[in-house]
């Protein structure tokens, strides 16, 4: 449900941005409501439920213990889905906090926080009951993701902050939740998939821990970099720029570790869709971390700061990196859980191409729009004119309308990718060739997963 809802709303929002007169008769179809609905459906719908599936799949396999209180986990997941869906509808009806990636009404946030405590409790108790003597690196990402999902949501929605303080609060929240939860849990899944598929041990646990802790530290303050030349103090902007560039460290650590683990088994990159998606996801994450880091340089921010450029980066992180890791998990877990061979490896390759092409076109259009807008504003400033003030500012927005239409094309291609992914998994479940299911051996018995 949520992948279709999120990408459908993103298509409508992109249509509205490119063609403002489209569906102009109702407030719910305004861009100011459609885009937040799409963002929240993607972050708290599509990626959150994908991550919950990752967590509940990995815990028994990496701990050797049964999932603690499985009925409670199922009930909490259903409650989370219902509240999230109602919260998205409420945003469309105007009941929103109006903060980027924190648009849910505070009442919905409070209820969701309670439901998020359940997977955290399940994770902590299951790890506490583990029979495995070592704690695998994926569990660090899982636990940190849940902690920052709850902590970031709590801090980001704490009321009563002043304007500038509230802006810093929101940037802290968005950076931690996206990096630690939406992307971080996907990294944890990749750390499981690659060694499992190749049969090779993890290349370097030390490198994995360097990547993990550097992600924890840099993501706390990297969000401030998006506000350079904004209302915050120069010292805060400088801190944000340093930490934003520092995000390249965990990205490179993950990429180096996964590719090192692939030694001698690169044939799987051609034949195993899960491996292909995990590796490409890590490459994409590294590339985007570099883009985000460079974007934090003051000389670069003077051009693209506070422009559509950052929208393109956000779109790429959510709809490229997040989707790539989610698809990697789906292609790995579904066949093994239901004892079916993947319906079509060809569709898996098509899925990957569509995600990459759609993300490049969609994000690239916003990046180009940011560059064009930024240089237009700079030209007027250097000329000492007020051509970009008042109605002139709207004219600069009109000038990039064609690029917004191009971004719509990218989003439509990503929608096709999501549909291909869901179709492939559905056909795997319903008509895939029967094979053996994964079996988890616990200390006291053996059960099918």
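Numbering (the working numbering), first residue to last: -9 to 439. Glycine included, every Cβ here is placed at the ideal spot set by N, Cα and C.
Query                                                                                                                                                                                               : Result
Exposed or buried, which one is residue 65 when buried takes at least 16 other CB atoms within 10 Å?                                                                                                : exposed
Could you give the uninterrupted runs of the alpha helix (DSSP H) lying entirely in the stretch 3 to 46, keeping only those of 4 residues or more?                                                  : 21 to 31
List the residues that DSSP assigns as beta-bridge partners of residue 86.                                                                                                                          : 94
Quick check on the DSSP output: what are the complete alpha helix (DSSP H) runs of length 4 or more inside the stretch 100 to 184, in order along the chain?                                        : 127 to 146, 153 to 166
Can you tell me the Cα-Cα spacing of residue 401 and residue 428, whole angstroms?                                                                                                                  : 36 Å
With residue 285 as the anchor, note down where its alpha helix (DSSP H) starts and where it stops.                                                                                                 : 263 to 285
Considering Cα atoms alone, identify which of 359, 102, 213, 242 is closest to residue 140.                                                                                                         : 102
Quick one: Cα of residue 393 to Cα of residue 350, how far?                                                                                                                                         : 13 Å
Residue 330 by DSSP, collapsed to three states: which one?                                                                                                                                          : strand
When DSSP labels each residue in this structure, what does residue 424 get in the three-state scheme?                                                                                               : strand
Between the Cα of residue 309 and those of 223, 259, 404, spot the shortest distance and give me the residue it belongs to.                                                                         : 404
Does the structure place the stretch 165 to 182 close enough to the stretch 219 to 227 that three or more beta carbon pairs sit under 8 Å?                                                          : no
Cβ-heavy atom distance between residue 49 and the ligand ADP below 8 Å?                                                                                                                             : Judged by which ligands are present, the structure shown has none, so any question about the ligand ADP falls away.
Of all Cβ atoms in chain B, is any one closer than 9 Å to the Cβ of residue 189?                                                                                                                    : In the structure shown, chain B does not exist; there is a single protein chain.
Start and end of the alpha helix (DSSP H) containing residue 302?                                                                                                                                   : 298 to 306
Just mark residue 155 as buried or exposed, buried being the case when its beta carbon has 16 or more other beta carbons within 10 Å.                                                               : exposed
Residue 242 to residue 276, Cα distance in whole Å?                                                                                                                                                 : 6 Å
Starting from residue 239, follow the alpha helix (DSSP H) in both directions and report where the run begins and ends.                                                                             : 238 to 251
Take every Cβ of the stretch 127 to 136, pair it with every Cβ of the stretch 92 to 101, and state whether three or more of those distances are shorter than 8 Å.                                   : no
Following the continuous alpha helix (DSSP H) through residue 204, name the residue where it begins and the one where it ends.                                                                      : 195 to 211
Starting from the C-beta of residue 165, find all residues in its chain whose C-beta is less than 6 Å away, skip the five residues before and the five after it, and write them out in chain order. : 209, 212, 213
Just to confirm, is the Cβ distance from residue 271 to residue 176 under 9 Å?                                                                                                                      : yes
Between the Cα of residue 72 and those of 278, 419, -8, spot the shortest distance and give me the residue it belongs to.                                                                           : -8
Tell me the rounded alpha-carbon separation between residue 24 and residue 62.                                                                                                                      : 33 Å
Does the beta-carbon distance from residue 205 to residue 333 come in below 9 Å?                                                                                                                    : no
Assuming residue 398 and residue 5 form a contact by the criterion Cβ under 8 Å, report the distance between their Cβ atoms to the nearest whole angstrom.                                          : 6 Å
What would DSSP say about residue 390, mapped onto helix, strand or coil?                                                                                                                           : coil
For residue 391, which residues from the same chain have a beta carbon less than 8 Å from its beta carbon, with the 5 sequence-adjacent residues on both sides left out?                            : 8
Between the Cα of residue 182 and those of 117, 91, 68, 318, spot the shortest distance and give me the residue it belongs to.                                                                      : 318
Does DSSP put residue 63 in a helix, a strand or coil?                                                                                                                                              : helix
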